[in-house]
Amino acid sequence: MSLRDDLAASGATVVEEAQGGYRVSPPSIASLGRAVAVVRAWKLPLRVRGSADAPVHPPPKGVLLDLGSLDRIASVDGVTGIARVEAGCSVAALEAAARRAGSTLGPLLPSVRAGSVGAWLAGPTRGERGIPGARRETAALSVAAVLADGHIAESRAAPRSATGPDLDHLALGGGGRLCVVAAAWIRLFPVAPALAGSWACRDLAMAVAGLERLCHDRVAPARARIVAGADSTRLAAAWEGLETAPMDRDRASRILGTLGISPDGDHGANRWVREPPSGHPVEVDARWASLRGWSQQGELQLLGLHAGGAFATLILPEAGGAEECAALARAAGARVIAPRRMRDPGPAWDAMGAGAVWKRLIEALGVEEAPAP
Numbered sequence: 298m299s300l301r302d303d304l305a306a307s308g309a310t311v312v313e314e315a316q317g318g319y320r321v322s323p324p325s326i327a328s329l330g331r332a333v334a335v336v337r338a339w340k341l342p343l344r345v346r347g348s349a350d351a352p353v354h355p356p357p358k359g360v361l362l363d364l365g366s367l368d369r370i371a372s373v374d375g376v377t378g379i380a381r382v383e384a385g386c387s388v389a390a391l392e393a394a395a396r397r398a399g400s401t402l403g404p405l406l407p408s409v410r411a412g413s414v415g416a417w418l419a420g421p422t423r424g425e426r427g428i429p430g431a432r433r434e435t436a437a438l439s440v441a442a443v444l445a446d447g448h449i450a451e452s453r454a455a456p457r458s459a460t461g462p463d464l465d466h467l468a469l470g471g472g473g474r475l476c477v478v479a480a481a482w483i484r485l486f487p488v489a490p491a492l493a494g495s496w497a498c499r500d501l502a503m504a505v506a507g508l509e510r511l512c513h514d515r516v517a518p519a520r521a522r523i524v525a526g527a528d529s530t531r532l533a534a535a536w537e538g539l540e541t542a543p544m545d546r547d548r549a550s551r552i553l554g555t556l557g558i559s560p561d562g563d564h565g566a567n568r569w570v571r572e573p574p575s576g577h578p579v580e581v582d583a584r585w586a587s588l589r590g591w592s593q594q595g596e597l598q599l600l601g602l603h604a605g606g607a608f609a610t611l612i613l614p615e616a617g618g619a620e621e622c623a624a625l626a627r628a629a630g631a632r633v634i635a636p637r638r639m640r641d642p643g644p645a646w647d648a649m650g651a652g653a654v655w656k657r658l659i660e661a662l663g664v665e666e667a668p669a670p
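The opening residue of the sequence shown carries number 298 in our numbering; numbering runs sequentially from there.
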C-alpha cells in the first residue's frame with residue numbers, strides 16, 4: 298500500500314502538494330489518531346496547522362496535518378470557568394464564545410490571539426497566562442493528545458504543583474513533535490472591569506524596575522505598557538476586578554512613589570494601555586533584567602507579568618526592523634517567540650533537566666528537532 302492510500306485509509310482528506318508533501322485533513326479526533334500513526338510508522342517529517350494559524354506548506358516528503366475541521370467548541374461553562382474545545386479552533390472564536398458566557402481567556406499576546414488553541418498550547422508560551430499573585434499558569438486544565446502510535450491519551454486534571462509523569466509535559470510547548478494536541482479543557486476567567494493608572498518615569502529601565510517591584514510585592518497588573526522616548530518615559534498598567542482593581546492600583550501607586558515614579562494625571566490610561574502595537578513588533582519571553590537592558594528607547598507591551606519576568610511585545614522607535622529588535626532582545630538574554638520565522642527554541646525540557654531525554658525521544662521517532670519556519 299502506498300503512503301497516500303495509507304493516509305486515505307485513516308478517513309482523512311489527502312492532497313498532494315507541489316512541494317512533494319501531503320496535506321492531510323482529518324474530520325475527527327479518531328481520524329487524526331489514525332493519520333498520526335501512519336505518519337510515525339513511515340517516519341515522515343510532520344507539521345501541524347489549525348484554524349487561523351499562518352499558512353504553511355507540508356515539509357518535503359512529509360505531511361502537514363491540517364486541523365481546520367477540528368474546530369468545535371464542545372462546551373463553555375461560565376459558572377465553573379471551564380471550556381472544552383478541539384485543538385483546531387481559533388483562539389479568537391473561543392474568546393468570543395467565552396464572552397457570551399460572561400468569561401474570558403484573559404490578556405494574551407497578539408500572536409496567540411491570531412492562532413489556534415493547539416498552536417497556543419503546543420507553542421513557546423505553553424498556554425501560560427498571568428494569574429493573581431504575580432504568577433503564571435497554563436490555561437489547560439487537561440489536554441487530550443495523539444501519541445506516536447495513534448492512541449489518544451488525556452492528562453489528568455491536577456494542580457500544577459502535583460509531581461510525577463504527565464502527558465502535559467510532552468504536549469505543552471512540544472510543537473507537535475512528540476504528540477499532537479487534539480483537544481483541551483481550558484480555564485476561563487470571569488469578565489471583570491479594568492482600572493488603569495499612568496505614571497511618568499526617568500527612563501525605560503526605571504519603568505521596568507517599577508513593574509518588577511510590583512510583581513515582587515504581589516500587585517502585578519494584568520497588562521502594562523511602557524513608551525520610552527529621548528526626553529520622557531510613560532508607564533501605564535491595568536488591574537482587573539470589580540472590588541480589587543481600585544485597591545491594587547492605589548497600592549501600586551504608593552509602591553511606585555517610593556521609587557520616584559510619579560502619577561502623570563492622564564485619565565486616558567485605560568484606553569492607552571490597550572492600544573495595539575504598531576511598526577514591526579517582536580514578542581519575547583524575558584526576565585526582568587533582559588527587559589531593562591533591551592533598549593533605551595522604544596515601546597514594551599507586557600502580559601503574563603510574574604516575579605521572574607513577563608511576556609512582552611517589543612517595538613523599536615522610528616520604524617526599526619523586527620530583525621534589529623530581535624537581535625537586541627537576544628543580546629539582552631530574552632527568548633524570541635514571534636514572529637515565527639525568528640522564533641528561538643523553547644527551553645521547556647532543558648529547564649526541567651530532561652534535555653537528554655527529549656533528544657533521545659526525537660531521535661527514536663525520527664521527527665523534526667525544531668519547528669518549521
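From the three backbone atoms N, C-alpha and C, an ideal C-beta is built for every residue, glycine too.
Model, not experiment: these values are computed from the prediction.
(request) Report the three-state DSSP secondary structure of residue 547 (helix, strand or coil). (result) helix
(request) Note the first and the last residue of the continuous alpha helix (DSSP H) segment covering residue 451. (result) Taken as a continuous stretch (DSSP letters only), residue 451 belongs to no alpha helix (DSSP H), being part of the beta strand (DSSP E) at 449–451.
(message) The beta strand (DSSP E) that contains residue 432, what's its start and end?
(response) 432–435
(message) Short of 7 Å in beta carbon distance, which residues of its chain neighbour residue 332, apart from the five on each side in sequence? Order them along the chain.
(response) 304, 307, 309, 321, 323 and 362
(request) May I ask you to check if the CB of residue 609 is nearer than 6 Å to at least one heavy atom of the ligand NAD? (result) The model depicted lacks the ligand NAD and carries no ligand whatsoever.
(request) Would you mind sorting residue 408 into buried or exposed? The rule is 16 or more other CB atoms within 10 Å of its CB. (result) buried
(message) Checking the sheet assignment: what are the DSSP bridge partners for residue 328?
(response) Paired residues: none, contrary to the question.
(message) For residue 603 and residue 427, which I take to be in contact (beta-carbon distance under 8 Å), what is that distance rounded to the nearest angstrom?
(response) 6 Å
(message) Quick check on the DSSP output: the beta strand (DSSP E) that includes residue 629 runs from which residue to which?
(response) No beta strand (DSSP E) holds residue 629; DSSP gives it neither H nor E.
(request) Using 10 angstroms around the beta-carbon of residue 348, count the other beta-carbons present and answer buried if the total reaches 16, otherwise exposed. (result) Answer is buried; the Cβ neighbour count reaches 16.
(message) Suppose contacts are defined by Cβ-Cβ distances below 7 Å. Is residue 535 in contact with residue 518 by that definition?
(response) Yes, the Cβ-Cβ distance between residue 535 and residue 518 is below 7 Å.
(request) Compute the distance between the beta-carbons of residue 516 and residue 548, then report whether it is under 7 Å. (result) yes
(request) Return the chain-ordered list of same chain residues with a C-beta closer than 6 Å to the C-beta of residue 431, the five sequence neighbours on each side being excluded. (result) 512, 515, 517, 603 and 604
(request) Locate the alpha helix (DSSP H) running through residue 381, then write down its first and last residues. (result) In the DSSP assignment, residue 381 falls outside any alpha helix (DSSP H) and within the unbroken beta strand (DSSP E) covering 379–383.
(message) Restricting to runs no shorter than 3 residues, where is the beta strand (DSSP E) found entirely within the region 556–594?
(response) 579–584
(request) In angstroms with no decimal places, state the Cα-to-Cα distance between residue 558 and residue 504. (result) C-alpha separation (whole angstroms): 8 Å.
(request) Just tell me which of 590, 510 and 364 has its CA closest to the CA of residue 551. (result) 510
(request) Using the Cα positions of residue 488 and residue 442, report the straight-line distance between them to the nearest angstrom. (result) Our two residues, residue 488 and residue 442, have alpha carbons roughly 29 Å apart in a direct line.
(request) Return the chain-ordered ranges of every alpha helix (DSSP H) run that is complete within the region 463–529 and spans a minimum of 4 residues. (result) 464–468 and 501–513
(message) Closer than 8 Å is the cut-off here; do at least three beta carbon pairs connect the region 612–630 with the region 391–408?
(response) no
(request) Would you grab the beta carbon distance between residue 478 and residue 468 for me? Rounded to a whole angstrom, and I think it's under 8 Å. (result) Indeed they touch by this definition, with Cβ atoms about 5 Å apart.
(request) Label residue 314 either buried or exposed according to how many other C-beta atoms from any shown protein chain fall within 10 Å of its C-beta, with 16 as the threshold for buried. (result) Residue 314 should be labelled exposed.
(message) Going by the DSSP bridge assignment, what does residue 603 pair with across the sheet?
(response) 606
(message) With three or more C-beta pairs closer than 8 Å as the rule, is the region 337–357 touching the region 384–394?
(response) yes
(message) In this structure, how does DSSP classify residue 408 when only helix, strand and coil are distinguished?
(response) helix
(request) Let me know if residue 372 comes out buried or exposed under the rule of 16 or more other beta-carbons within 10 Å of its beta-carbon. (result) exposed
(message) Does residue 353 come out as helix, strand or coil in the three-state DSSP assignment?
(response) coil
(message) I need the straight-line Cα distance from residue 554 to residue 569, nearest angstrom please.
(response) Whole-angstrom Cα-Cα distance: 21 Å.
(message) By DSSP's criteria, residue 427 is part of a beta bridge. Which residues make up the other side?
(response) 433
(message) Tell me the rounded alpha-carbon separation between residue 301 and residue 380.
(response) 36 Å
(request) State the Cα-Cα distance for the pair residue 299 and residue 338, rounded to the nearest angstrom. (result) 13 Å
(request) Tell me, please, which residues DSSP counts as bridged to residue 422. (result) Answer by DSSP bridge pairing: none, since residue 422 is not bridged.
(request) Would you mind stating whether residue 590 and residue 527 have Cβ atoms separated by less than 7 Å? (result) No; because the gap between Cβ atoms is not below 7 Å, this pair is not in contact.
(request) Measure from the C-beta of residue 426 to each C-beta in chain C and report whether the shortest distance is under 7 Å. (result) Structure shown: chain C not included; a single protein chain is present.
(request) Under 8 Å by Cβ, that's how I've got residue 423 and residue 435 pegged, so tell me the actual separation to the nearest angstrom. (result) 6 Å
(request) Run through the region 300–344 for me and flag every whole alpha helix (DSSP H) of 4 or more residues, listed as ranges in chain order. (result) 300–305 and 326–339
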